[in-house]
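Structure first, then comments.
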């Protein structure tokens, strides 16, 4: 997804990329004169030059300035009433319409770029005897949060000025927000507008079997729309239930007149239908940067959300320890956190006024405001307040949980002499331990510490042996722990009417592939479709009977949670989201039908011993040709990586594709399919940065495992099918093809020497990461995909042992414990095949 959309490529480059029967177009025969061109030293198409008479003593003459995150240029965030700038226009509204959000390009004919430069020049003008002020504005608005996110998604950037596109490849909650932005770029999916703990609930609840047709037709659920439905009484009762709960927790103080200069936020309601059919209304506030800029200027906000690879790592460790996982839910978590440190108020809305009258029999004066006494969802500080509060509880002397350095959602402790792991997704908990009574005790302690005075019972619900968590389906059996997104896929297919095959369609996994092997060439050769927003695009969408971005986002969610087998296919189709053609629509639907045929596929993490107290469920297997090379014997307790690169298979700019996967406990815990950020000139050069990207992720996971008490005593093997790349890294053998490789990539040689990683050879025909770099035929696809997903029995090497959970064991860098020798590396390399 890191390629420019076709409409964003400069015209001269578009011309150079065109071809006619494989040849460049002939040069234009018409003459071109200089009169056809306009040159400018500014990146803006037009500017507004405005002169003002200085009439106030405000430091910036009434301008509130800030830096745009994308271009790092100063722009006008707000204009003060009765200021010099405001009086330069007929009304304050006219000033806002003209220059609010505009960039400042010069002040008194001096160029301006940053806020600091603007403030300095305005100070000089204030101290000058000249009472005239000249400012040039560029009315091209700074991008909104939604526009900025959309730009980042199109270019696959995690930060607009991040120079390295191959940073640690893990999926974060922010990535899931980007997926939602793909579906509906017109909406704001920022943490302030959509609370973190509900993101997964919103995505998972694409469709509910209990939703009524009239509710389904509404799209976005709002109070005004819901009041017209026959189910309004249920929604109204849900509002009152929410406000009753808030009243019992003393969320709001006594209504009062607005204090001068107070920060007052607008209330906001989220309406949801749970899987069991319950209508739920949640009261929060609009604490977005747009609505409360003053609050954001002084508030500190942060909230950890579990990353998908870390979530899979948790269940892999639980399986290898022979543990079971038990769920818990902190109810009204934010409301049990301390209140914001910055005094904040909310307006009284219709829902609160209705509830207040029903409870107290008094009509409220709507000019009053409500003091916020506890952490309110939507407030910029609420996530941080809950994080601090729950971490203080978990790290107390009674529990002594410690999170890892690089991820604050996975914890470990020794409780009553037993190793215990915990995963926390905001207020949803999962504990992995050997005895259910330990999980119950820990959850009871958390509940008691959360309980407020006046509550008759702890605000914590014990959910028992897990069958689902954070949108995933969890299967715990005597021999394995399996995770999948089958329920999500089923709801997704039902929503679009694709849950049953057509008369001539197969519905078995045999010969199923996401896309045919020749799909890539056809995708890139296909002329782009009509651009989004055009009548032609709408007509195409109507003919296909589904919106491209909506289905794309829904499939991306399945990919990042538990379906690595559609990685290359869905990320490639995302490159055409701005102007898809009928062929791209067809391929998108092909992936959906493939998921229907393989809906039962899961990631299987194997246990070392049989647990007879749990049901026995067979692990599916697949046939492997007898004439293939022998697959390396992988230690299920050792972090292991596979990496591959498909050379120049992005036909837009001939960039290569990196695909890697990490396995633990017999199945993948992390995987990625991504177009490389630079163009490689050989297959070896393409494999080298792919190995570097994988090594970065290996160091990340090794750090987390070390903090959890599971140090990796041996270098993490990275299986690669290119011998030249292996020699360049393992033996530091330079070649002519590596002389121009960016120096940053050679850090991998130091990581190898430090004992963090070692590259091992694997024949390409059995390299499972090959499935993440290109579409394959069904034989190769199922061989590689099912190997990564753990659809096989473990074949243990002779040196394998059950995962150690000794918190006192040392890592290589500590100088204690097991050390790595040349013989150790030779043991790892013994399975190499020529």
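Residue numbers (the UniProt record's numbering): 1 to 834.
We put the beta carbon where it would ideally sit given N, CA and C, even for glycine.
No experiment lies behind these values; they were computed from the predicted model shown.
Inter-residue CB distance, residue i and residue j (contact presumed, cutoff 8 Å)
i	j	result
residue 185	residue 368	With a Cβ gap of about 38 Å, residue 185 and residue 368 do not count as contacting.
residue 640	residue 605	So it is not a contact: roughly 14 Å between Cβ atoms.
residue 239	residue 281	5 Å
residue 475	residue 326	Not confirmed; about 15 Å, so no contact.
residue 58	residue 90	With a Cβ gap of about 20 Å, residue 58 and residue 90 do not count as contacting.
residue 63	residue 85	6 Å
residue 312	residue 603	7 Å
residue 135	residue 107	5 Å
residue 642	residue 568	Their Cβ separation, rounded to whole angstroms, is 14 Å, which puts residue 642 and residue 568 out of contact at 8 Å.
residue 585	residue 512	Between residue 512 and residue 585 the Cβ distance is about 20 Å, and since that is not below 8 Å, they are no contact.
residue 138	residue 95	Rounded, the Cβ-Cβ distance is 16 Å, inconsistent with contact.
residue 419	residue 709	7 Å
residue 423	residue 306	6 Å
residue 440	residue 462	6 Å
DSSP-derived helix/strand/coil call for residue i
i	result
residue 645	strand
residue 269	strand
residue 419	strand
residue 425	strand
residue 580	coil
residue 54	coil
residue 156	Reliability of the predicted coordinates at residue 156 is poor, the pLDDT of 48 falling under 50, and no value is obtained from them.
residue 220	coil
residue 706	helix
residue 560	helix
residue 597	helix
residue 112	coil
residue 73	coil
residue 453	coil
residue 32	For residue 32, the predicted model reports a pLDDT of 46, less than 50, meaning its position is unreliable; a value from the coordinates is still stated below. Correct three-state label for residue 32: coil.
residue 748	helix
residue 314	helix
residue 67	strand
residue 526	coil
residue 257	coil
residue 302	coil
residue 338	strand
residue 800	Bear in mind that a pLDDT of 49 at residue 800, under 50, signals an unreliable position, so the number given afterwards is only what the model happens to contain. Coil at residue 800, not helix or strand.
residue 640	strand
residue 128	coil
residue 504	coil
residue 781	helix
residue 134	strand
residue 85	coil
residue 211	coil
residue 849	In this structure the chain extends from 1 to 834, so residue 849 is not present and cannot be described.
Host alpha helix (DSSP H) of residue i (start-end)
i	result
residue 515	Residue 515 -> no alpha helix (DSSP H), and no H or E assigned at all.
residue 461	From DSSP, residue 461 is part of no alpha helix (DSSP H) but of the beta strand (DSSP E) over 460-465.
residue 618	Premise fails: residue 618 is in no alpha helix (DSSP H) and is neither H nor E.
residue 233	232-248
residue 536	535-544
residue 94	92-99
For residue i: DSSP bridge partner residues
i	result
residue 623	The partner list for residue 623 (beta bridge, DSSP) is empty, contrary to what the question assumes.
residue 761	720
residue 604	482
residue 664	667
residue 674	658
residue 571	For residue 571, which the question treats as bridged, DSSP gives no partner whatsoever.
residue 433	324
residue 252	372
residue 650	655
residue 469	472
residue 48	137
Distance cut-off 8 Å: residue i Cβ against heavy atoms of the ligand COA
i	result
residue 394	In the structure shown, the ligand COA is absent, as is every other ligand, since no ligand is present at all.
Residue span of the beta strand (DSSP E) that contains residue i, given as start and end
i	result
residue 326	324-330
residue 283	279-286
residue 634	That residue, residue 634, is in no beta strand (DSSP E); it is neither H nor E in DSSP.
residue 106	103-107
Every unbroken alpha helix (DSSP H) inside the region 342-427 [4 residues or more]: Listed in chain order, the complete alpha helix (DSSP H) runs (minimum 4 residues) inside the region 342-427 are 350-360, 382-394.
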